[in-house]
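S.K.: Residue numbers (the numbering used here): 2 to 417.
Think of the CB as a built atom: it goes at the ideal place given N, C-alpha and C, for glycine as much as any other residue.
Keep in mind the model is a prediction, meaning the values are calculated, not measured.
1) Opposite residue 135 in the DSSP bridges: which residues?
2) Given a threshold of 16 other Cβ atoms within 10 Å of its Cβ, counted over all protein chains shown, does residue 192 qualify as buried or as exposed?
3) Please state the DSSP three-state secondary structure of residue 64.
4) May I have the straight-line CA-CA distance separating residue 215 from residue 39, to the nearest angstrom?
5) Helix, strand or coil for residue 56 per DSSP?
6) Using only the alpha-carbon positions, how far apart do residue 302 and residue 363 sit?
7) Quick check on the burial criterion: 16 or more other C-beta atoms within 10 angstroms. Buried or exposed for residue 194?
8) Straight-line CA distance for residue 74 to residue 110?
9) In whole angstroms, what separates the C-alpha of residue 372 from that of residue 335?
10) My output table needs one value for residue 381: the three-state DSSP class, helix, strand or coil.
11) Identify every residue that forms a DSSP beta bridge with residue 400.
12) I'd like to check one pair, residue 15 with residue 333: are the Cβ atoms closer than 7 Å?
13) Look at residue 13 and residue 26 and say whether their C-beta atoms are less than 7 Å apart.
14) Where residue 300 and residue 30 are concerned, what is the direct C-alpha to C-alpha distance, given to the nearest angstrom?
15) Going by DSSP, which residues form a beta bridge with residue 368?
16) What are the complete beta strand (DSSP E) segments, minimum 3 residues, inside the stretch 83-123?
17) Would the beta-carbon of residue 417 fall within 7 Å of that of residue 20?
18) Among residues of its own chain, excluding the 5 on either side of residue 409, which ones have a beta-carbon nearer than 6 Å to its beta-carbon?
19) Measure the alpha-carbon distance for residue 177 versus residue 133 and round it to whole angstroms.
20) State the start and end residues of the unbroken alpha helix (DSSP H) segment that holds residue 258.
21) Here's a check: name, in chain order, each residue in its chain whose Cβ is nearer than 6 Å to the Cβ of residue 106, leaving out the five neighbours to either side.
22) Taking its Cβ as the centre, do 16 or more other Cβ atoms sit within 10 Å of residue 366, making it buried, or is it exposed?
23) Just curious, the beta strand (DSSP E) that residue 297 is in, first and last residue?
24) If residue 273 sits next to residue 282, beta carbons under 8 Å apart, how far is it from one beta carbon to the other, in whole angstroms?
25) Within a Cβ cutoff of 6 Å, which residues of the same chain sit near residue 63, ignoring the five residues on either side of it in sequence?
26) Does the distance from the CB of residue 278 to the CB of residue 290 come in under 7 Å?
27) Examine the ligand HEM and report whether any of its heavy atoms sits within less than 6 Å of the Cβ of residue 143.
28) Quick check on the burial criterion: 16 or more other C-beta atoms within 10 angstroms. Buried or exposed for residue 420?
29) Is the separation between the beta-carbon of residue 101 and that of residue 119 shorter than 7 Å?
30) Given a threshold of 16 other Cβ atoms within 10 Å of its Cβ, counted over all protein chains shown, does residue 381 qualify as buried or as exposed?
31) Apart from the five residues on each side of it in sequence, which residues of its chain come closer than 6 Å, Cβ to Cβ, to residue 186?
32) Skipping 5 residues on each side, what residues in its chain have a beta carbon closer than 8 Å to that of residue 209?
33) Count the other CB atoms, across all protein chains shown, that sit within 10 Å of the CB of residue 400; report buried if there are 16 or more and exposed otherwise.
34) In three-state DSSP terms, what is residue 79?
35) Among 411, 129, 156, which residue has its Cα nearest to the Cα of residue 378?
36) Out of 72, 34, 2, point me to the one whose CA is closest to residue 220's CA.
What follows is the structure, given as C-alpha cells:
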C-alpha cells in the first residue's frame with residue numbers, strides 16, 4: 002500500500018484483516034492531522050443540490066464515472082462498517098441520514114460520522130448554545146461563528162464569547178498545549194493563585210452562562226482523555242459540553258489517525274513513513290518498487306499494490322501548463338482536455354479540474370488513455386481517483402474509505 006492517508010490506511014487495514022501480508026509505505030505524515038475529523042459520505046449531489054439527507058439513496062443516481070458508482074452502494078456500506086469498528090469513538094452509525102454539525106467558520110455541514118465529542122453540538126438540536134473562544138486562539142472567533150449560525154437559521158439561540166484561557170497561554174501556543182493542560186488538569190496561575198485547569202476554565206465561563214443547555218469549545222478538550230475532560234467541564238458548568246471541529250492542525254484528526262494506526266498494528270500490518278516510492282519495474286505488471294532511504298533506492302516486491310497517494314492537493318496528481326500526471330507509476334490521468342465526455346458542466350458544475358484523476362475499471366485498476374488496464378496488479382483509491390469533486394460534494398472521506406476498503410480487499414483476495 003502506497004500512501005498513509007485515509008484511503009491508504011483503510012486499504013491496509015482491510016487487506017490485513019482479510020489475511021494478506023501488508024506493508025504500508027508513506028512519504029509524508031498522514032494528512033488526517035489536517036482534517037476536521039468529520040467523516041463525510043456525500044453532503045451534496047454533483048451540481049450543488051443538497052444538503053443530501055440520505056447519501057445511500059443518492060449514490061445510484063451519480064454519474065457512472067463517480068468512484069461510488071464504481072464500488073457500489075453495498076461496498077460503501079461495508080467500508081463504513083469497518084470504519085465504525087476501528088473508530089469506536091465516532092457516532093452516526095445508527096442511521097443512514099447525514100447529521101448536521103456546526104463548523105468553526107459558522108456554517109452547518111452535513112456529515113455521516115462525527116466524533117463523540119461533537120455529538121452535543123448537533124445543529125438539529127433545539128437547545129440553546131454558548132460558544133466559547135479564547136483570546137490566544139485566533140482561529141476560533143466565537144462571536145463571529147455564533148452570528149453566522151444565527152444567520153444560517155439554526156433552530157436554537159446561540160451566543161459567542163471570548164475569554165482568556167487559564168494560565169494565559171501565548172498566542173502561538175500549540176493546540177496540544179491546551180489539550181495537555183486539560184488532560185492532566187495541571188495547575189495554572191489565576192490572579193496569583195494556582196488552580197486546576199478544568200476548575201479555572203469553568204470558573205471563567207460560568208459568569209457568561211445564562212440559561213444555555215449546551216456549551217461549545219474549539220476542539221482542544223484533551224487528547225488522551227477528551228471524554229473525561231468534557232464530562233468534568235459539563236459537571237462544573239451544569240450544561241452539556243461539545244467540541245466544534247477546527248481546521249489544521251486538528252486534534253480530532255490526530256485522534257482519528259491514532260485510532261487507525263492502532264487498528265493497522267492490531268491487524269498485523271507493517272508500515273513505514275518518510276520514504277517515498279521513486280521508481281518501479283514492470284510493464285503490464287508491477288514487479289517491484291523502489292523506496293528511497295537515505296539516498297539509496299531500496300527494492301520492495303509485492304504481489305499486489307494499492308496507490309493511495311492523494312490528488313492535486315496532496316501531490317498524488319501533478320499538473321503544469323502542459324500536462325496532468327500521476328508521478329509514481331505514470332498512470333494516465335483523465336482531465337478536461339481528454340477524450341472523456343463526462344467532464345461536462347451540466348453534470349458536474351463549473352469546475353471540471355476538481356475531478357482530474359486516475360480513471361479505473363470496476364476493480365479499481367487504472368486505465369490507460371485507450372481504456373485498457375495499465376497494470377493488472379495495481380489498484381487506486383482515494384483522492385488520486387478522478388470523476389468526483391470531493392470539496393463541493395463533501396465526499397472526500399467517504400470515497401477514501403470506500404475505495405480504500407474495496408481496493409484492499411480485492412488485492413488481498415488475489416494475493417492469498
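M.R.: With the structure as the only source:
1) 164
2) exposed
3) coil
4) 20 Å
5) helix
6) 25 Å
7) By the neighbour-count rule (16 or more Cβ atoms within 10 Å), residue 194 is not buried but exposed.
8) In a straight line, the C-alpha of residue 74 is about 22 Å away from that of residue 110.
9) 11 Å
10) Residue 381 falls in the strand class under three-state DSSP.
11) Looking at the DSSP assignment, residue 400 forms no beta bridge with any residue, so it has no partner.
12) no
13) no
14) 22 Å
15) 374.
16) 100-103, 109-112
17) It is a contact, given that the beta carbons lie within the stated cut-off.
18) 12, 15, 16
19) 18 Å
20) Counting along the chain, the alpha helix (DSSP H) containing residue 258 begins and ends at 252-267.
21) none
22) buried
23) Per DSSP, residue 297 belongs to the beta strand (DSSP E) from 297-301.
24) Rounded, the Cβ-Cβ distance is 20 Å, inconsistent with contact.
25) These residues qualify, in order along the chain: 69, 70.
26) yes
27) No copy of the ligand HEM occurs in the structure displayed, which carries no ligand at all.
28) Within the shown structure, residues of the chain are numbered from 2 to 417, placing residue 420 beyond reach of any answer.
29) no
30) Label assigned to residue 381: buried.
31) In chain order, 197, 198, 199 place their CB closer than 6 Å to the CB of residue 186, counting only its own chain and leaving out the 5 sequence neighbours on each side.
32) 131, 133, 162, 164
33) Residue 400 comes out buried.
34) helix
35) 411
36) 34
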